[in-house]
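Oh and the sequence shown: position 41 is 46 in this note's numbering, straight run, nothing missing.
Heads up, the beta-carbon is just placed ideally off N, CA and C, and yes, glycines get one too.
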Amino acid sequence: MPKNTQSFLDPRSPLVLDTRELPRRPGAMRTVDRVVKAPSDLGLELIGVPEGADLRLDLRLESVSEGVLVSGTVDVPVTGECGRCLRPISDSVVVNIQELYAYAHSTTDETTDEDEIGRLQGDLIDLEPAVRDAVVLELPTNPVCRADCPGLCPECGGLLDDLPADHHHEQVDPRWAALSQLNNEGD
Ligand SMILES: [Zn+2]
Ligand SMILES: [Zn+2]
Numbered sequence: 006m007p008k009n010t011q012s013f014l015d016p017r018s019p020l021v022l023d024t025r026e027l028p029r030r031p032g033a034m035r036t037v038d039r040v041v042k043a044p045s046d047l048g049l050e051l052i053g054v055p056e057g058a059d060l061r062l063d064l065r066l067e068s069v070s071e072g073v074l075v076s077g078t079v080d081v082p083v084t085g086e087c088g089r090c091l092r093p094i095s096d097s098v099v100v101n102i103q104e105l106y107a108y109a110h111s112t113t114d115e116t117t118d119e120d121e122i123g124r125l126q127g128d129l130i131d132l133e134p135a136v137r138d139a140v141v142l143e144l145p146t147n148p149v150c151r152a153d154c155p156g157l158c159p160e161c162g163g164l165l166d167d168l169p170a171d172h173h174h175e176q177v178d179p180r181w182a183a184l185s186q187l188n189n190e191g192d
């Protein structure tokens, strides 16, 4: 049964690439250099790309015999929270994209499993899954504002960065506490 080649993608969607301008001749090339808005939920729980933030696409679309090879970089701003001091983190990462999108009915299309590679839908490429994968791979699961962030004082929750180096709390050693208790009983 022939696969449905009709496009379900919205060509105006920020991470959908239109390949109509790219000749279907191996070796032909087009570049995509544009800024698009980030989709929602791009990233991890503690750090990610704010929805609507600017993503800079710097990509190369290349015709190969089996489809279109997309390679290049996406520059994404990320925000999150330091896992130690809870202060906001604001940074940017550049992720690498290299993905083959097979033509419908090409050998690659016929011989690979449904999820293994991307596929062209008509003339359109949905870049979003590839960008999501690349961003998630690049982000730390335990983000910190800087590698040597000392975090918070476990006693009072104050920022150790803002507290004097000798910051400490009077602590009664539990052994001494027990001893003084004994002394009192001996009276
Ligand atoms: Zn921190
Ligand atoms: Zn403290």
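At a cut-off of 6 Å, would you count CYS158 as near ligand 1, judging by its Cβ distance to the nearest heavy atom? In the sequence shown, counting from the first residue as 1, residue 158 sits at position 153. No, Cβ of CYS158 sits at least 6 Å from all heavy atoms of ligand 1.
Can you look up VAL99 in the DSSP assignment and give me helix, strand or coil? On the sequence shown, residue 99 is found 94 positions in, with the first residue counted as 1. When secondary structure is reduced to three states using DSSP, VAL99 falls in the strand class.
Counting pairs of beta carbons, one from the stretch 62 to 76 and one from the stretch 92 to 112, are three or more of them closer than 8 Å? In short, these stretches touch, since the Cβ pair count reaches three.
In three-state terms, what does DSSP make of ARG61? As a first step, residue 61 must be located in the sequence shown, where it is residue number 56. Here DSSP, grouped into helix, strand and coil, assigns ARG61 to strand.
If you count every other CB in all the chains shown that lies within 10 Å of the CB of ALA139, and 16 or more means buried, which is it? The sequence position of residue 139 within the sequence shown is 134, counting from 1. Flag for ALA139 reads buried.
Where ASP138 sits in the DSSP three-state scheme: To locate residue 138, count along the sequence shown from 1; it is residue 133. If DSSP states are grouped into helix, strand and coil, ASP138 belongs with the helices.
Selection from LEU49, ASN101, ARG151, THR112 that minimises the alpha carbon distance to SER5: The displayed coordinates of the chain run from 6 to 192. Any statement about residue 5 would go beyond what the structure contains.
Residue ranges of each beta strand (DSSP E) run of no fewer than 3 residues wholly in the stretch 66 to 133, ordered along the chain? Residue ranges of uninterrupted beta strand (DSSP E) with 3 or more members, entirely inside the stretch 66 to 133 and ordered along the chain, are 72 to 86, 93 to 107, 129 to 131.
Quick check on ARG180: does DSSP put it in helix, strand or coil? For the purposes of this step, residue 180 is taken as the residue at position 175 of the sequence shown. Reduced to three states, the DSSP call for ARG180 is helix.
Take the Cβ of GLY48 as the centre, count every other Cβ of all protein chains shown within 10 Å, and call the residue buried at 16 or more, exposed below. Taking the first residue of the sequence shown as 1, we reach residue 48 at position 43. With a threshold of 16 other beta carbon atoms within 10 Å, GLY48 meets it and is buried.
ASP118: buried (16+ other C-beta within 10 angstroms of its C-beta) or exposed? Here residue 118 is taken as the residue at index 113 of the sequence shown, counted from 1. Result: exposed.
Straight-line CA distance for CYS158 to ASP167? Residue numbering aside, residue 158 sits at position 153 when the sequence shown is read from its first letter. Residue numbering aside, residue 167 sits at position 162 when the sequence shown is read from its first letter. Annotation: CYS158 to ASP167 spans about 10 Å, alpha carbon to alpha carbon.
Can you round the beta-carbon distance between ARG65 and THR36 to whole angstroms, since I take them to be within the 8 Å contact cut? Within the sequence shown, numbered from 1, the residue matching residue 65 stands at position 60. Within the sequence shown, numbered from 1, the residue matching residue 36 stands at position 31. That pair is a contact at about 6 Å.
Which residues mark the beginning and the end of the beta strand (DSSP E) in which ARG35 is found? By 1-based counting over the sequence shown, the position of residue 35 is 30. ARG35 -> beta strand (DSSP E) spans 34 to 42.
Quick check: the Cα distance between ASP171 and VAL79, rounded to an integer number of angstroms? Position 166 of the sequence shown holds residue 171. Position 74 of the sequence shown holds residue 79. CA-to-CA, the gap between ASP171 and VAL79 works out to about 45 Å.
Beta carbon nearer than 6 Å to a non-hydrogen atom of ligand 1: Going along the chain, the residues that qualify are CYS87, ARG89, CYS90, ARG92, VAL149, CYS150, CYS154.
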